[in-house]
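K.L.:
Here the sequence shown is numbered in my numbering, starting from 46 and rising by one per residue. Backbone N, C-alpha and C define an ideal beta-carbon position, used for all residues, glycine too. Only a predicted model underlies this, so the values are computations on that prediction, with no experimental measurement involved.
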Amino acid sequence: MDKVGRNDPCPCGSGKKYKHCCLGKEPPPRISSVMDELRAAIAGKTFHSLDEANAFARAFMESKNRVPQLDFLGLSSDQMHRLLEFPFVNTDEIVGIDGNLPPSAFLGIPIVKNSVIFLAKLAEREPMKATAKGNLPLSFVRELFSCMELPERRYHPFPIRTEEEVTFLHALRGILTLCGWIKKRSGRFSLTDSGRKILQGGFDGIGFRHLLEVFTLKFNWGFMDRYPPFSIVQKSFLFGLYLLHRRANREIEDQALADQFLRAFPQVLEEARRYEAPYREPRDLISGCFSLRFLERFCEYFGFLTIRREAIPNRFVERKFVQTTDFFRQYWQSRVQ
Numbered sequence: 046m047d048k049v050g051r052n053d054p055c056p057c058g059s060g061k062k063y064k065h066c067c068l069g070k071e072p073p074p075r076i077s078s079v080m081d082e083l084r085a086a087i088a089g090k091t092f093h094s095l096d097e098a099n100a101f102a103r104a105f106m107e108s109k110n111r112v113p114q115l116d117f118l119g120l121s122s123d124q125m126h127r128l129l130e131f132p133f134v135n136t137d138e139i140v141g142i143d144g145n146l147p148p149s150a151f152l153g154i155p156i157v158k159n160s161v162i163f164l165a166k167l168a169e170r171e172p173m174k175a176t177a178k179g180n181l182p183l184s185f186v187r188e189l190f191s192c193m194e195l196p197e198r199r200y201h202p203f204p205i206r207t208e209e210e211v212t213f214l215h216a217l218r219g220i221l222t223l224c225g226w227i228k229k230r231s232g233r234f235s236l237t238d239s240g241r242k243i244l245q246g247g248f249d250g251i252g253f254r255h256l257l258e259v260f261t262l263k264f265n266w267g268f269m270d271r272y273p274p275f276s277i278v279q280k281s282f283l284f285g286l287y288l289l290h291r292r293a294n295r296e297i298e299d300q301a302l303a304d305q306f307l308r309a310f311p312q313v314l315e316e317a318r319r320y321e322a323p324y325r326e327p328r329d330l331i332s333g334c335f336s337l338r339f340l341e342r343f344c345e346y347f348g349f350l351t352i353r354r355e356a357i358p359n360r361f362v363e364r365k366f367v368q369t370t371d372f373f374r375q376y377w378q379s380r381v382q
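#1: Just the C-alpha distance for E138 and R254, rounded to the nearest angstrom, thanks.
#2: Am I right that V157 and F151 are in contact with their C-beta atoms under 8 Å? What's the rounded C-beta distance?
#3: Leaving out the 5 sequence neighbours to the left and right, which residues in its chain are closer than 7 Å to G28 when beta-carbon positions are compared?
#4: Checking the sheet assignment: what are the DSSP bridge partners for E363?
#5: Does S191 pass the burial test, meaning 16 or more other C-beta atoms within 10 Å, or should it be called exposed?
#6: Determine the closest residue to F185 out of L288, G179, E208, with distance taken between C-alpha atoms.
#7: From the DSSP secondary-structure annotation, give me the bridge partner or partners of K228.
#8: Which ranges does the beta strand (DSSP E) cover as unbroken runs of at least 3 residues, wholly within the segment 110-149, from first to last along the chain?
#9: Please name the residue, chosen from N359, Y272, R230, L314, that lies closest to E171 on a Cα-to-Cα basis.
#10: What residue range does the beta strand (DSSP E) around S276 cover?
#11: With the cut-off set at 9 Å, would you say I154 and F372 are in Cβ contact?
#12: How many angstroms separate the CA atom of A168 from the CA atom of N159?
#13: Rounded C-beta distance between K365 and S332? I'm assuming under 8 Å.
#14: Taking the alpha carbon of D116 as the reference point, which residue from F306, L340, D329 has its own alpha carbon closest?
#15: Could you give the first and the last residue of the continuous alpha helix (DSSP H) run that contains S184?
#16: Taking only three categories from DSSP, how would you classify S379?
#17: R206 to P327, Cα distance in whole Å?
#18: Any idea what DSSP makes of T370, helix, strand or coil?
#19: Kindly identify the DSSP beta-bridge partner or partners of T91.
#20: Measure the alpha-carbon distance for Q114 versus L120 and round it to whole angstroms.
#21: Who are the near neighbours of A309 in its chain, counting only those whose CB is closer than 6 Å to its CB and skipping five residues on each side?
#22: Does the Cβ-Cβ distance between M173 and F234 come in under 9 Å?
#23: Let's see if you can read the secondary structure: which residues bound the alpha helix (DSSP H) around G285?
#24: For T91, count neighbouring C-beta atoms within 10 Å of its own C-beta (all shown protein chains included) and say buried if the count is 16 or more, exposed if not.
#25: Quick test of the definition: if touching needs 3 or more C-beta pairs under 8 Å, does the segment 341-350 touch the segment 249-267?
#26: Are R354 and Q368 close, meaning C-beta to C-beta below 9 Å?
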């Protein structure tokens, strides 16, 4: 019988490719169980050729990969594989986008508002000379900092000295560059033709989707924090949005969503154990990363959810309660019941 291909969905049901999951490792219980079921299905059958046996094995494995999984909230391993490996390509029947929303639907989105402010302020000063390090000039950074919706404004007690001190602004400059809306040539920043069109015509469904795809597929979320890589947090963003559809229509604590994320991707706990994190267990480390990167710096920033924060006495952390917005429910369509 054929072996599992390197690029096939891993038989453990993680949804990842086999080469990125269990290849070269001891078979986990789920793989052993599936292989036992395959052996039982083959027992007593007569095959007239190796090709016939291989065809039976492939059909059996494909049928197993289509079975809904409780840990995936009813998605199958095949559906999870597509969410992870082919986002926006072969996933519309699982989590789709309504591309017909009017431009007014995007006006209140924090990242949209910040992007428009950035483009408008740059248009007033272009071509704007970069610093010796290639960053935005300090006067421009301070001007943007004073009028943008930036988390740093809540806890930045000192005058801004460099662009890099303002993580969200520093990241936004990179995101707008990846979008092809701003450029730096000969040490000077300016708008591109595409950026000018966005500024003049406003954001619509096409512009927002382009921003969304750049943020999820090209921009590295780990750039904005000090957590270990934990790339699955970003790679699983479509599953995370499906999770919000299923669990966050009413207010829910972020930890409950992180727990479901860990049920779907328990392998990340092994990754967490490789990093030294004083006073933090692997589960807490992953939960914190998921809450910050996915819930706050992606979903809240893109207007997909609201977060109610409660201070915890004598601690530096907060309790967070999240709920999807009307915009989220209009823009994202979950097509799996």
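P.N.:
Let me lay it out:
#1: If you number the sequence shown from 1, residue 138 lands on position 93. If you number the sequence shown from 1, residue 254 lands on position 209. Distance between the alpha carbons of E138 and R254 is about 17 Å.
#2: As a first step, residue 157 is located in the sequence shown; it is residue number 112 there, counting from the start. As a first step, residue 151 is located in the sequence shown; it is residue number 106 there, counting from the start. Confirmed, Cβ separation roughly 5 Å.
#3: Absent from the model: residue 28. The displayed extent of the chain is 46 to 382, so no value can be given.
#4: Within the sequence shown, the letter at position 318 stands for residue 363. E363 is bridged by DSSP to A356.
#5: Here residue 191 refers to the residue found at position 146 when the sequence shown is read from its first residue. Classification of S191: exposed, given that the 10 Å Cβ count is below 16.
#6: The residue given as residue 185 occupies position 140 in the sequence shown. Closest by alpha carbon: E208.
#7: On the sequence shown, residue 228 is found 183 positions in, with the first residue counted as 1. According to DSSP, which records beta bridges pairwise, K228 is partnered with S235.
#8: Entirely contained in the segment 110-149, the beta strand (DSSP E) runs reaching 3 residues are, in chain order, 140-142.
#9: Counting from 1 along the sequence shown, the entry for residue 171 is found at position 126. Of the listed residues, the one whose Cα sits closest to E171 is R230.
#10: Translated into positions along the sequence shown, residue 276 becomes position 231. Segment: none, S276 is in no beta strand (DSSP E) and carries neither H nor E.
#11: In the sequence shown, residue 154 corresponds to position 109, counting from 1. In the sequence shown, residue 372 corresponds to position 327, counting from 1. For I154 and F372, yes; Cβs fall inside 9 Å.
#12: Taking the sequence shown and counting its residues from 1, the one referred to as residue 168 is at position 123. Taking the sequence shown and counting its residues from 1, the one referred to as residue 159 is at position 114. Going by the C-alpha atoms only, they are around 14 Å apart.
#13: As a working mapping, residue 365 is identified with position 320 in the sequence shown. As a working mapping, residue 332 is identified with position 287 in the sequence shown. About 11 Å separates the two Cβ atoms, so there is no contact after all.
#14: Taking the sequence shown and counting its residues from 1, one reaches residue 116 at position 71. Ranking the options by Cα distance to D116, first place goes to F306.
#15: As a first step, residue 184 is located in the sequence shown; it is residue number 139 there, counting from the start. Counting along the chain, the alpha helix (DSSP H) containing S184 begins and ends at 183-192.
#16: Taking the sequence shown and counting its residues from 1, one reaches residue 379 at position 334. Note: S379 maps to strand in three-state DSSP.
#17: Locating residue 206 in the sequence shown gives position 161, where the first residue counts as 1. Locating residue 327 in the sequence shown gives position 282, where the first residue counts as 1. So the alpha carbons of these two residues sit roughly 35 Å apart.
#18: As a first step, residue 370 must be located in the sequence shown, where it is residue number 325. DSSP, read as helix, strand or coil, puts T370 in coil.
#19: The sequence position of residue 91 within the sequence shown is 46, counting from 1. Answer is none; T91 lacks a bridge partner.
#20: Taking the first residue of the sequence shown as position 1, residue 114 is located at position 69. Taking the first residue of the sequence shown as position 1, residue 120 is located at position 75. Cα to Cα, the separation comes out at about 6 Å.
#21: As a working note, residue 309 is residue 264 in the sequence shown. D116, F117, listed in sequence order.
#22: Stepping through the sequence shown from its first residue, residue 173 is reached at position 128. Stepping through the sequence shown from its first residue, residue 234 is reached at position 189. Taking 9 Å as the Cβ cut-off, M173 and F234 qualify as a contacting pair.
#23: Your numbering for residue 285 matches position 240 in the sequence shown. Element bounds for G285: 282-292.
#24: In the sequence shown, the residue the question calls residue 91 occupies position 46. With fewer than 16 other beta carbons inside 10 angstroms of its own, T91 counts as exposed.
#25: Flag = yes, the segment 341-350 and the segment 249-267 touch.
#26: Numbered from its first residue, the sequence shown carries residue 354 at position 309. Numbered from its first residue, the sequence shown carries residue 368 at position 323. Taking 9 Å as the Cβ cut-off, R354 and Q368 do not qualify as a contacting pair.
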